[in-house]
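**Student:** Counting in our numbering, the sequence shown runs from 841 upward without gaps. A virtual CB, placed ideally from N, CA and C, is assigned to each residue, including glycine. Predicted model, so just to flag it, every value in this text is computed and none were measured.
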Amino acid sequence: MEILRTADGLRQWSRASRKAGRSIGLVPTMGALHAGHASLIRAAADSCGRVAVSIFVNPTQFGPNEDFARYPRTFDADCALAQAEGAHIIFAPYVEELYPDGAATFVEVEGLSERLDGKSRPGHFRGVATVVAKLLIAAEPVRAFFGQKDAAQVAVLRRMVADLRIGTEIVVCPIVREHDGLALSSRNVYLSAGERAQALTLSRAVRSAEDLVAHGERSATALLEAARAVFDAEPSVRVDYIELVDWATLEPVASAVPGSLFAVAAWFGATRLIDNTVFS
Ligand code: AMP
């Protein structure tokens, strides 16, 4: 499996593949790959003739006091996992390749980028939209695969491809969880044993809302209260947000309807984790 380091190399590979009649699937990641990433790569391999996995810890999506420097980097293991799941190439550019000296162009998805995670992480979605735009422009994939785990990111990127008239379909894959419900995340390695136990409040809070809806409750107030009670039972957990929103606009809604996103974020020590469910 080839490792490409430049956007031009990715573009040439993509053009040659399409010339040979193969459609391109792209799976953007920051590495430290786990079973959640693996599910995206498999979905790409199932529906596209050639699969590119990008591995790039994107500096512009990290705030000044966030974990860019210590973000887990496990490149060799990532390549092995990606290949085993059906990737044909890895795109792993150096920072200077995607952000050349003097780079001054950014993609800003207004409004959406200030909601949910964007509210507590100013500039985060600007960085995400910018790097994903660069990847889509170079790879020209027919489909790009993202996890529902980062549901606000999905909303931002759907808006971006629609607004920029980018011809890539955004495919969203289900959240992959540990046996006890914790959503897989590259950041779970930061958790102490105690924090790992507390982090179960996220999936419990999500489930509390799902259970209410399954019993006919739809009101946002009731869902938010139920989730809040789950977090209140673990006083050392610092809640960032609990919200019921429209998944397309990320604006709060008063009751859960098909397409509503119930999303939570909380801090476990120095680690911020997220979880969500989308109602049908
Ligand atoms: P990251 O490497 O954290 O930027 O994530 C790369 C992609 O993997 C994003 O589209 C994430 O939403 C997705 N992803 C991360 N964790 C999970 C998970 N537990 N289940 C499914 N997809 C995930």
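Figure out for me which residue from A920, A847 and R855 has the closest Cα to the Cα of G871.
**Tutor:** Here residue 871 is taken as the residue at index 31 of the sequence shown, counted from 1. Comparing Cα-Cα distances from G871 to each of A920, A847 and R855, the minimum goes to A920.
**Student:** Determine the burial state of D1051: buried for a count of at least 16 other Cβ atoms within 10 Å of its Cβ, exposed for fewer.
**Tutor:** Against the sequence shown, residue 1051 aligns to sequence position 211. With fewer than 16 Cβ atoms within 10 Å of its Cβ, D1051 is classed as exposed.
**Student:** Can you pull the DSSP bridge partners for V982?
**Tutor:** On the sequence shown, residue 982 is found 142 positions in, with the first residue counted as 1. In the DSSP output, where bridge partners are listed per residue, V982 has none listed.
**Student:** Below 8 Å on the Cβ atoms is my guess for A1066 versus S1095; work out the distance and round it to an integer in Å.
**Tutor:** Locating residue 1066 in the sequence shown gives position 226, counting from the first residue. Locating residue 1095 in the sequence shown gives position 255, counting from the first residue. Not really, about 14 Å apart at Cβ, beyond 8 Å.
**Student:** Using only CA atoms, which one of S854, D916, T1111 and A922 lies nearest to L976?
**Tutor:** For the purposes of this step, residue 976 is identified with residue 136 of the sequence shown, where counting begins at 1. Of S854, D916, T1111 and A922, the residue nearest in Cα terms is S854.
**Student:** List the DSSP bridge partners of G942.
**Tutor:** Here residue 942 refers to the residue found at position 102 when the sequence shown is read from its first residue. Partner(s): none; G942 has no beta bridge.
**Student:** Less than 8 Å separating the beta-carbons of V1016 and A884?
**Tutor:** As a first step, residue 1016 must be located in the sequence shown, where it is residue number 176. As a first step, residue 884 must be located in the sequence shown, where it is residue number 44. Cβ distance not < 8 Å, so V1016 and A884 don't count as in contact.
**Student:** So is the beta-carbon of H877 under 7 Å away from any non-hydrogen atom of the ligand AMP?
**Tutor:** In the sequence shown, counting from the first residue as 1, residue 877 sits at position 37. Checking every heavy atom of the ligand AMP against the Cβ of H877, one is found closer than 7 Å.
**Student:** Once DSSP output is grouped into helix, strand and coil, what is the label at N1116?
**Tutor:** Taking the first residue of the sequence shown as position 1, residue 1116 is located at position 276. If DSSP states are grouped into helix, strand and coil, N1116 belongs with the strands.
**Student:** Could you tell me whether any non-hydrogen atom of the ligand AMP is closer than 7 Å to the CB of D918?
**Tutor:** Reading the sequence shown from its first residue, position 78 is the one you call residue 918. No heavy atom of the ligand AMP is found nearer than 7 Å to the CB of D918.
**Student:** For V1077, report the span of its alpha helix (DSSP H) as first-last.
**Tutor:** Taking the sequence shown and counting its residues from 1, one reaches residue 1077 at position 237. V1077 -> no alpha helix (DSSP H), and no H or E assigned at all.
**Student:** Is the region 931-943 in contact with the region 1051-1062, if contact means three or more CB pairs nearer than 8 Å?
**Tutor:** no
**Student:** By how many angstroms is the C-alpha of L1004 removed from the C-alpha of G865?
**Tutor:** Within the sequence shown, the letter at position 25 stands for residue 865. Within the sequence shown, the letter at position 164 stands for residue 1004. In a straight line, the C-alpha of G865 is about 19 Å away from that of L1004.
**Student:** So what's C1013 in DSSP terms, helix, strand or just coil?
**Tutor:** Counting from one through the sequence shown, the residue named residue 1013 turns up at place 173. Three-state DSSP puts C1013 in a strand.
**Student:** Tell me P1092's beta-bridge partners as DSSP assigns them.
**Tutor:** Here residue 1092 refers to the residue found at position 252 of the sequence shown. According to DSSP, P1092 bridges with V1085.
**Student:** Name, in chain order, the residues that DSSP records as bridge partners for V891.
**Tutor:** Residue mapping note: residue 891 aligns to position 51 of the sequence shown, counting from 1. Answer by DSSP bridge pairing, in chain order: G865.
**Student:** Consider the Cβ of A1002: report whether some Cβ of chain C lies at a distance smaller than 8 Å.
**Tutor:** Considering every chain present, this structure includes no chain C. It has just one protein chain.
**Student:** Starting from L1101, trace the beta strand (DSSP E) both ways and give me its first and last residue.
**Tutor:** Locating residue 1101 in the sequence shown gives position 261, counting from the first residue. S1100 to F1108 is the span of the beta strand (DSSP E), which, as asked, contains L1101.
**Student:** Closest by CA to F1119, which one among A969, G1099 and T1089?
**Tutor:** In the sequence shown, the residue the question calls residue 1119 occupies position 279. If we check each option's Cα against that of F1119, G1099 comes out closest.
**Student:** CB I881 to CB V893, shorter than 8 Å?
**Tutor:** If you number the sequence shown from 1, residue 881 lands on position 41. If you number the sequence shown from 1, residue 893 lands on position 53. A contact, by the Cβ cut-off of 8 Å.
**Student:** Let me know the secondary structure DSSP gives T914 once reduced to three states.
**Tutor:** Position 74 of the sequence shown holds residue 914. If DSSP states are grouped into helix, strand and coil, T914 belongs with coil.
**Student:** What are the start and end residues of the beta strand (DSSP E) that includes F1071?
**Tutor:** By one-based count along the sequence shown, residue 1071 stands at place 231. No beta strand (DSSP E) holds F1071; the alpha helix (DSSP H) holding it covers A1060 to D1072.
**Student:** Closest to G1109 by CA distance: which of D1020, S1076 and D1080 is it?
**Tutor:** In the sequence shown, residue 1109 corresponds to position 269, counting from 1. Minimum Cα distance to G1109 is reached at S1076.
**Student:** Indicate, with yes or no, if the ligand AMP has a heavy atom lying under 7 Å from the CB of G987.
**Tutor:** The residue labelled residue 987 in the question sits at position 147 within the sequence shown. Yes, since a heavy atom of the ligand AMP falls inside the 7 Å radius drawn around the Cβ of G987.
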